[in-house]
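Engineer: Protein chains in written order, with the UniProt record's numbering: chain F, 1 to 341; chain R, 1 to 341. Structure provided below as structure tokens; questions to follow.
2 protein chains.
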Amino acid sequence: MNQLSTGRPRLVIHDPTLRDGHHAVRHVLGREQLRGYASAADAAGVPVVEVGHGNGLGASSLQVGRAALSDDEMLTVVREALPNSKMGVFMLPGWGTARDLRRALDHGADVVRLGAHCTESDLTERHLGFLRDLGAEAQGLLLMSHMADPGRLAKECLRMEEYGATAVGIFDSSGHYLPPDVTERITAIVETVSVPVIFHGHNNLGMAVANSVAAAQAGAQVIDACARGFGAGAGNTQLEVVVPVLERMGFATGIDLYALLDAADLAGRTLMPAPPTIDSVSLVSGLAGVFSGFKTPVLDIARREGVDPRDVFFELGRRQAVAGQEDLIVDVALELAERRA
Amino acid sequence: MNQLSTGRPRLVIHDPTLRDGHHAVRHVLGREQLRGYASAADAAGVPVVEVGHGNGLGASSLQVGRAALSDDEMLTVVREALPNSKMGVFMLPGWGTARDLRRALDHGADVVRLGAHCTESDLTERHLGFLRDLGAEAQGLLLMSHMADPGRLAKECLRMEEYGATAVGIFDSSGHYLPPDVTERITAIVETVSVPVIFHGHNNLGMAVANSVAAAQAGAQVIDACARGFGAGAGNTQLEVVVPVLERMGFATGIDLYALLDAADLAGRTLMPAPPTIDSVSLVSGLAGVFSGFKTPVLDIARREGVDPRDVFFELGRRQAVAGQEDLIVDVALELAERRA
């Protein structure tokens, strides 16, 4: 494991505030907001600042929401605001293409992340290969990772390493994990791959900070976290909380605490109407392990069919519904309505 | 350990929403607010609902804030709203007296808690003895418990058991603990006393849920939690989150999840302007291990003396400042100002 001269294990904190946070404000952050936060994070020594539409490069659309700025505009503004930190981008193959990746690299993106459903790492092969050929830093991330067992996750991560990924890891997209789940999965991945391992948490069960600490203790070397937890639903791991907690647990992040608190305060004032909290819908979707993007359709359809949305979430969880299976929401709601009648 | 017929370890969830939450709204909850939430918690099967001024019986005053209702009024309203749940009260000797305890019992309080600084359990002796003689359920709680080592806490808890306490435990008043700290302390207490052990968490480091799980795993049998985390500063352990998490970890609470979510939603709508979040001041006071009641005077004095309030918190933590030592804030701020000049 990478060590500082202090002998403490070194972690890379990866900050997707300006990408994941976009989910919480319908992708409308403007130039001054991006510039202000990116500058503050850079001043604090945050190693990687990720920016973009919540769903990544190329995703701005009527279907998932149009961003206020184009990818080109966001990357230009943030690159200028990061004299020291690396700039990160995220892409889901299908939403974005090789052309989007090439333009992100032209704009000075240092860290390029490709995401895929936890059992579909093969969808990253072409793009990871392309990035490897260009010599870029390319990371492969598995979404909704609680839906696969530790062995399967390790196998999918190994495959992404073979495709050319320079780091691999998992998203807890539903915020479903408890610390022992994270320990088990990160351990399996760390034992299987030879590149650094990434953990990205969500707070639906109030465990984002504890899960991130568990990941680091199990050998993850890249920890994702957002200022004030700014992110979809119940939010992400809270950056300015997890950094001093990790330091207290014996890890080194290289981040200046007071400058980080200043960045978080700025984020609180300028990026969000209010920090994320755990409401009952976020909690239930986390318990059920359902894709957080299902929230709005579940609430709409449950109301229309006169069924309890919490029952719909738990049933979708039992059926292992994945993103894209919005049709299943209607099926489940109709069945619950019939069962009741 | 107490077991249900399921064989799962049984926990008693103790809900101080209507007492600790009072700190977040200057003690102004009215009759309809108390009645509504208490009824909903009772319907969910929450075993104990605690009510009162944030600082407990007899504390309503100009110095710490006058409550909208008298102790008598609060206890009358909540008792009527709890056909099934026990009613709890809290008292800090000094603020409240034996006369307050007697009146609370006359109003039908079932669980009476006495709090004392973590090294001053002897202050509970007279009142615990008085309650024991009346045959009441009496609990002894150590505040600011991170300021004493596990052995000392166990000794103070044993003393309270000898005074007559039917349960004993610790408050993480500053929200300073990480899970291993809780494991170590609860284990020491459980190994020393023969009555049930209580844990009361705060969320300053984002660890309230994880710490409460650690406490239960170490053998605590009473876990405190508040709807939406409603409580002082960064808030308490979030009730509707910790209950299903504990159930998933193998514990039994006897609480109905949907009714609990309904109660939490009601609390969110009717008790608080917004749920607690972790702001930078709460985070720093948690890291420093400083009494959360110092927040306002620290901010005021730091501004007046032109020093960084974060430095003041960390220095107060180094000096092990305790509640009542408000004079120390001025001393520290002046010293920091001089050192800078």
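The beta-carbon is built from N, C-alpha and C at its ideal position, and this holds for glycine as well. This one's a predicted model, so the numbers in the text were calculated from it and none came from an experiment.
Counting along the chain, where does the alpha helix (DSSP H) carrying F:F314 start and finish?
Structural biologist: Residues 309-318.
Engineer: Compare the C-beta of R:I223 against all C-beta atoms of chain F and say whether one is closer than 8 Å.
Structural biologist: No, no contact with chain F.
Engineer: With a threshold of 16 other CB atoms inside 10 Å of the CB of R:N2, please say whether the residue is buried or exposed.
Structural biologist: Since pLDDT at R:N2 reaches only 46, below the 50 mark, its modelled position is unreliable, and the value read off the structure follows with that caveat. Exposed, by the Cβ-count rule.
Engineer: Does any residue of chain R have a CB that is nearer than 8 Å to the CB of F:S194?
Structural biologist: No, F:S194 does not count as interfacial toward chain R.
Engineer: Within its chain, find whatever has a CB closer than 6 Å to the CB of F:A215; leave out the 5 residues flanking it on each side and keep chain order.
Structural biologist: Excluding residues within five positions, the ones whose Cβ falls inside 6 Å are V182, I186, F199.
Engineer: Can you pull the DSSP bridge partners for F:D15?
Structural biologist: According to DSSP, F:D15 bridges with F:V49.
Engineer: I'd like to check one pair, F:H117 with F:G289: are the Cβ atoms closer than 8 Å?
Structural biologist: It is not a contact, given that the beta carbons lie outside the stated cut-off.
Engineer: Give the secondary structure of F:R26 by DSSP, where H, G and I count as helix, E and B as strand, and everything else as coil.
Structural biologist: Coil, per DSSP.
Engineer: In whole angstroms, give me the CA-to-CA distance for F:S280 and R:R79.
Structural biologist: Using only the alpha carbons, I get a separation of about 27 Å.
Engineer: Take R:Y177 and list the residues in its own chain whose beta-carbon comes closer than 7 Å to its own, dropping the five residues that flank it on each side.
Structural biologist: Correct list, in chain order: H146, M207, N211.
Engineer: Would you check if there are 3 or more beta carbon pairs closer than 8 Å linking the segment 148-164 of chain R to the segment 106-123 of chain R?
Structural biologist: Segments in contact, yes.
Engineer: What's the gap between the Cα of F:L4 and the Cα of F:L34?
Structural biologist: Note that F:L4 scores 48 on pLDDT, short of 50, meaning its location in the model is unreliable; the coordinates nonetheless yield the value given after this. Each residue's alpha carbon lies about 31 Å from the other.
Engineer: Would R:V312 pass as a contact of R:A302 if the rule is Cβ separation under 8 Å?
Structural biologist: Taking 8 Å as the Cβ cut-off, R:V312 and R:A302 qualify as a contacting pair.
Engineer: Using 7 Å as the cut-off, classify the Cβ of R:P273 as near or not near the heavy atoms of the ligand FAD, replying yes or no.
Structural biologist: This structure simply doesn't include the ligand FAD, nor any ligand for that matter.
Engineer: Whole angstroms is fine: what's the gap from R:N318's alpha carbon to F:L158's?
Structural biologist: In the sequence on display, residue 318 of chain R carries Arg and not Asn. One C-alpha to the other measures close to 47 Å.
Engineer: Determine which residues share a DSSP beta bridge with F:A167 and list them.
Structural biologist: Note: F:A167 sits in a beta bridge opposite F:Q139.
Engineer: Is the beta carbon of F:E240 less than 8 Å from the beta carbon of F:L261?
Structural biologist: For F:E240 and F:L261, yes; Cβs fall inside 8 Å.
Engineer: Return yes when the Cβ of F:V197 is within less than 8 Å of the Cβ of F:G219, no when it is not.
Structural biologist: Contact: yes.
Engineer: Spatial neighbours of R:A188 within its chain, please: CB distance less than 7 Å, with the 5 preceding and 5 following residues excluded, ordered by chain position.
Structural biologist: So the list reads P150, G151, L153, A154, once near-sequence residues are dropped.
Engineer: Comparing alpha-carbon positions, which option in R:T296, R:E335, R:G306 lies nearest R:E315?
Structural biologist: Closest by alpha carbon: R:E335.
Engineer: Which residues in chain R have a C-beta closer than 8 Å to the C-beta of F:I329? List them in chain order.
Structural biologist: Those within 8 Å of F:I329 in chain R number zero; the least Cβ separation is about 19 Å.
Engineer: Are F:G201 and F:P276 touching if we call contact CB-CB under 8 Å?
Structural biologist: No; because the gap between Cβ atoms is not below 8 Å, this pair is not in contact.
Engineer: With a threshold of 8 Å between beta carbons, is F:L287 in contact with chain A?
Structural biologist: In the structure shown, chain A does not exist; the protein chains are F and R.
Engineer: Give me the DSSP bridge partner(s) of R:M87.
Structural biologist: R:V49.
Engineer: Helix, strand or coil: which one does DSSP assign to F:V112?
Structural biologist: Strand, per DSSP.
Engineer: Using 8 Å for Cβ pairs, my map puts R:L141 next to R:R113. What's the rounded Cβ distance?
Structural biologist: Confirmed, Cβ separation roughly 6 Å.
Engineer: Does chain R have any CB closer than 8 Å to the CB of F:L178?
Structural biologist: Interface residue, yes.
Engineer: According to DSSP, is F:R248 part of a helix, a strand, or is it coil?
Structural biologist: DSSP places F:R248 in helix when its eight states are reduced to three.
Engineer: Using CA atoms only, rank isn't needed, just tell me which of F:S285, F:S282, F:S60, F:D106 is closest to F:L92.
Structural biologist: That would be F:S60, whose Cα lies nearest to the Cα of F:L92.
Engineer: Tell me which residues of the segment 232-249 of chain F have at least one Cβ-Cβ distance to chain R shorter than 9 Å, keeping chain order.
Structural biologist: Listed in sequence order: T237, Q238, E240, V241, V242, P244, V245, R248, M249.
Engineer: Looking only at DSSP bridge pairs, what is residue 342 of chain R linked to?
Structural biologist: With chain R covering only 1 through 341, there is no way to say anything about residue 342 of chain R.
Engineer: Kindly indicate which residue of R:L62, R:T296, R:E326 has the alpha-carbon position closest to the one of R:G233.
Structural biologist: The candidate whose alpha carbon is nearest that of R:G233 is R:T296.
Engineer: For a contact meaning CB atoms closer than 8 Å, what does R:S174 contact in chain F?
Structural biologist: Result: empty, since nearest Cβ-Cβ is about 14 Å, beyond 8 Å.
Engineer: Buried or exposed: F:D71, going by 16 or more other Cβ atoms within 10 Å of its Cβ?
Structural biologist: Answer is buried; the Cβ neighbour count reaches 16.
Engineer: Find out if the Cβ-Cβ distance for the pair R:T97, R:E137 is shorter than 8 Å.
Structural biologist: No, the pair does not count as a contact, with Cβ atoms beyond the cut-off.
Engineer: Mind pulling the beta strand (DSSP E) runs of 3 or more residues that sit fully within the segment 171-204 of chain R?
Structural biologist: The qualifying runs are 197-200.
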